[in-house]
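**Q**
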Amino acid sequence: MTVTASAGLSDLRSFLHGLPGVDKVGVEARAAALATRSIKTSSKAKAIDLAIRMVDLTTLEGADTPGKVRALCAKARRPDPADASCPPVAAICVYPAMVKVAAEALAGSGVHLASVATAFPSGQAPLEVKLADTRDAVAAGADEIDMVISRGAFLAGDYRHVFDEIVAVKEACGGAHLKVILETGELGTYDNIRRASWLAMLAGADFIKTSTGKVAVNATLPITLVMLEAVRDFRERHGRIIGVKPAGGIKTTKDAIKYLVLINETVGDEWLDPDRFRFGASSLLNDLLMQRTKLTTGHYAGPDYFTLD
């Protein structure tokens with residue numbers, strides 16, 4: 021089925037509820053099995069550098085200041101000031117009010133600038149406000165927008181409302197990429213996560229993202245596995261590659277490597293690329309840098325060696 025802007029609610033419901041059900045036991049068992057995989061030292065070094073390049077370094081606090089954002093941008097450009105071989109991160113992610121500051125700090129770096137919009141994290145605002153939020157962020161310099169879906173509408177079965185909002189926000193993005201946050205911890209079931217993934221992709225998402233990081237349950241390996249299976253199946257049917265971004269709760273190098281194994285075993289190495297997979301994180305980067313230093317020098321850098329974010 022190809023869903024268009026003229027599709028009716030019944031068409032969307034019929035398609036989404038016609039998707040194969042998710043085997044909860046099977047998904048969780050497969051994720052657990054893949055999490056036990058280990059990699060050799062040479063591969064680990066490459067995996068750490070890849071994970072660094074996949075990080076969306078994030079600050080989304082009410083107390084964010086221009087100074088904090090500038091410092092984070094400096095870290096994004098040069099994560100380890102003592103080692104020029106350390107790659108930059110994929111992107112900085114900030115609130116729309118901080119986009120202009122970040123754009124100036126990142127100019128010429130090649131680091132992407134993402135901004136949460138659409139009344140993040142709740143999504144509880146009129147569409148006009150969400151679109152204005154998006155346009156303002158793009159006008160200020162964001163080249164990626166992380167939007168949140170209306171979970172209440174989705175859970176009430178009003179898929180058309182969610183679909184139309186994503187379409188409208190995608191249009192407001194102009195040339196900026198759109199990451200659609202499903203807030204999987206509020207969707208209740210793996211079946212709902214699969215449906216929301218397909219709904220977002222059909223509506224034009226460039227990435228699907230697990231979480232805002234502001235609820236009790238954020239990214240998990242089983243949830244990400246369900247989303248990776250969805251992007252794999254979507255590509256087979258529609259020929260378009262959609263990125264995936266787990267966010268919230270990914271804190272260690274060991275965690276990051278588990279996700280890289282999950283990608284490789286589920287969708288293949290085409291997705292082992294920052295244009296197709298991201299980590300929404302802040303504390304993860306420091307652990308990656310500490311482990312990288314250990315592999316390079318044979319000694320751990322203390323946790324206070326790198327800036328706290």
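Number 329 marks the last residue of the sequence shown (the numbering used here); no jumps. Just so it is clear, CB atoms sit at the ideal spot from N, CA and C, and this is done for glycine as well.
From the DSSP output, which residues share a beta bridge with Met167?
**A** Position 147 of the sequence shown holds residue 167. DSSP lists Val200 as partners of Met167.
**Q** Flag Thr244 as yes when its Cβ comes closer than 7 Å to any non-hydrogen atom of the ligand MN, and as no otherwise.
**A** Absent from the structure shown: the ligand MN. Ligands present: none.
**Q** Give every residue of the same chain whose Cβ lies closer than 8 Å to the Cβ of Thr272, excluding the five residues on either side of it in the sequence, and list them in chain order.
**A** Along the sequence shown, one-based indexing puts residue 272 at 252. Closer than 8 Å at the Cβ level, and outside the excluded window around Thr272, lie Leu304, Asp307.
**Q** Give, in chain order, every unbroken run of the alpha helix (DSSP H) that is at least 4 residues long and sits entirely within the stretch 176 to 232.
**A** Listed in chain order, they are 179 to 193, 210 to 222.
**Q** In whole angstroms, what separates the C-alpha of Met247 from that of Asp211?
**A** For this step, residue 247 is matched to residue 227 along the sequence shown. For this step, residue 211 is matched to residue 191 along the sequence shown. Spanning the two alpha carbons is a distance of roughly 11 Å.
**Q** If you draw a straight line from the C-alpha of Thr245 to the C-alpha of Arg98, how long is it?
**A** On the sequence shown, position 225 is the one that residue 245 refers to. On the sequence shown, position 78 is the one that residue 98 refers to. Before going further, note that residue 245 is Leu rather than Thr in the sequence given. Computed Cα separation, rounded: 31 Å.
**Q** Look at Leu282 and Leu241 and say whether their C-beta atoms are less than 8 Å apart.
**A** By 1-based counting over the sequence shown, the position of residue 282 is 262. By 1-based counting over the sequence shown, the position of residue 241 is 221. Against a cut-off of 8 Å, the Cβ pair of Leu241 and Leu282 comes out as a contact.
**Q** For my contact list, Ile165 and Ala137 are in at a C-beta cut-off of 8 Å; report their separation, rounded to the angstrom.
**A** Here residue 165 is taken as the residue at index 145 of the sequence shown, counted from 1. Here residue 137 is taken as the residue at index 117 of the sequence shown, counted from 1. Confirmed, Cβ separation roughly 5 Å.
**Q** Taking three-plus beta-carbon pairs below 8 Å as touching, is the stretch 193 to 203 in contact with the stretch 221 to 235?
**A** They touch, by the three-pair rule.
**Q** Grouping DSSP H, G and I as helix and E and B as strand, with all else coil, what is Asp43?
**A** On the sequence shown, position 23 is the one that residue 43 refers to. Coil.
**Q** Under 8 Å between the Cβ atoms of Val121 and Pro86?
**A** Indexing the sequence shown from 1 puts residue 121 at position 101. Indexing the sequence shown from 1 puts residue 86 at position 66. Yes, the Cβ-Cβ distance between Val121 and Pro86 is below 8 Å.
**Q** Just the C-alpha distance for Asp178 and Ala216, rounded to the nearest angstrom, thanks.
**A** For the purposes of this step, residue 178 is taken as the residue at position 158 of the sequence shown. For the purposes of this step, residue 216 is taken as the residue at position 196 of the sequence shown. Using only the alpha carbons, I get a separation of about 12 Å.
**Q** Give the C-beta separation of Ala127 and Ala276 to the nearest angstrom, bearing in mind that I take them to be a contact with Cβ-Cβ under 8 Å.
**A** The residue labelled residue 127 in the question sits at position 107 within the sequence shown. The residue labelled residue 276 in the question sits at position 256 within the sequence shown. Not a contact, Cβ separation roughly 28 Å.
**Q** Tell whether a beta-carbon distance below 8 Å holds between Leu309 and Lys64.
**A** As a position in the sequence shown, residue 309 is number 289, starting the count at 1. As a position in the sequence shown, residue 64 is number 44, starting the count at 1. No, these two residues do not count as a Cβ contact at 8 Å.
**Q** If distances are taken between C-alpha atoms only, which option among Lys265, Thr61, Arg57, Arg312 comes closest to Leu77?
**A** One-based indexing of the sequence shown puts residue 77 at position 57. Leu77 has its Cα closest to that of Lys265, out of Lys265, Thr61, Arg57, Arg312.
**Q** Leaving out five residues before and five after Ala362 in sequence, what residues of the same chain have Cβ atoms less than 7 Å from its Cβ?
**A** Residue 362 lies beyond the range of the chain shown here (21 to 329); nothing can be said about it.
**Q** Could you work out which residue in Pro141, Lys66, Ala157 is closest to Ala267 when comparing CA atoms only?
**A** Your numbering for residue 267 matches position 247 in the sequence shown. Ranking the options by Cα distance to Ala267, first place goes to Pro141.
**Q** Given Glu61, which residues of its chain have a CB within under 8 Å of its CB, disregarding the five upstream and five downstream residues?
**A** Counting from one through the sequence shown, the residue named residue 61 turns up at place 41. According to the sequence displayed, residue 61 carries Thr and not Glu. Contacts found: Leu315.
**Q** Go to Val136, then tell me how far its beta strand (DSSP E) extends in each direction, as first and last residue.
**A** Reading the sequence shown from its first residue, position 116 is the one you call residue 136. Segment 132 to 136, the beta strand (DSSP E) holding Val136.
**Q** Taking the alpha carbon of Ala139 as the point to measure from, which residue in His132, Leu133, Tyr115 has its own alpha carbon closest?
**A** Translated into positions along the sequence shown, residue 139 becomes position 119. When each option's Cα is compared against that of Ala139, the closest is Tyr115.
**Q** Determine which residues share a DSSP beta bridge with Lys265 and list them.
**A** Your numbering for residue 265 matches position 245 in the sequence shown. Paired residue(s): Lys229.
**Q** How far does the alpha helix (DSSP H) with Phe254 in it reach, from first residue to last?
**A** Within the sequence shown, the letter at position 234 stands for residue 254. Taken as a continuous stretch (DSSP letters only), the alpha helix (DSSP H) holding Phe254 covers 241 to 258.
**Q** Threshold first: 3 residues or longer. Then list the beta strand (DSSP E) segments lying entirely within the stretch 82 to 150, N to C.
**A** Fully enclosed beta strand (DSSP E) runs of 3 or longer: 111 to 114, 132 to 136.
**Q** Exposed or buried, what is Glu185 when buried is set at 16 or more other beta-carbons lying within 10 Å of its beta-carbon?
**A** By one-based count along the sequence shown, residue 185 stands at place 165. It counts as buried.
**Q** Candidates Lys44, Gly263, Asn284: which alpha carbon is nearest Phe360's?
**A** Residue 360 cannot be examined here, being either before or after the span of the chain that is shown, 21 to 329.
**Q** Ser170: buried (16+ other C-beta within 10 angstroms of its C-beta) or exposed?
**A** The count along the sequence shown starts at 1 and reaches residue 170 at position 150. With 16 or more Cβ atoms within 10 Å of its Cβ, Ser170 is classed as buried.
**Q** Going by C-alpha distance, which of Asp31, Leu36, Gly233 is nearest Ile213?
**A** Indexing the sequence shown from 1 puts residue 213 at position 193. Minimum Cα distance to Ile213 is reached at Leu36.
**Q** Under the rule that 16 or more other beta-carbon atoms within 10 Å means buried, what is Gly143, buried or exposed?
**A** The residue you call residue 143 lines up with position 123 of the sequence shown. Label assigned to Gly143: buried.
**Q** How about Val168 and Glu203: do their beta carbons lie closer than 8 Å?
**A** As a working note, residue 168 is residue 148 in the sequence shown. As a working note, residue 203 is residue 183 in the sequence shown. Against a cut-off of 8 Å, the Cβ pair of Glu203 and Val168 comes out as a contact.
**Q** Measuring straight from C-alpha to C-alpha, what distance separates Gly208 and Thr317?
**A** Start at 1 with the first residue of the sequence shown, and residue 208 comes out as number 188. Start at 1 with the first residue of the sequence shown, and residue 317 comes out as number 297. Approximately 45 Å, taken between the alpha carbons.
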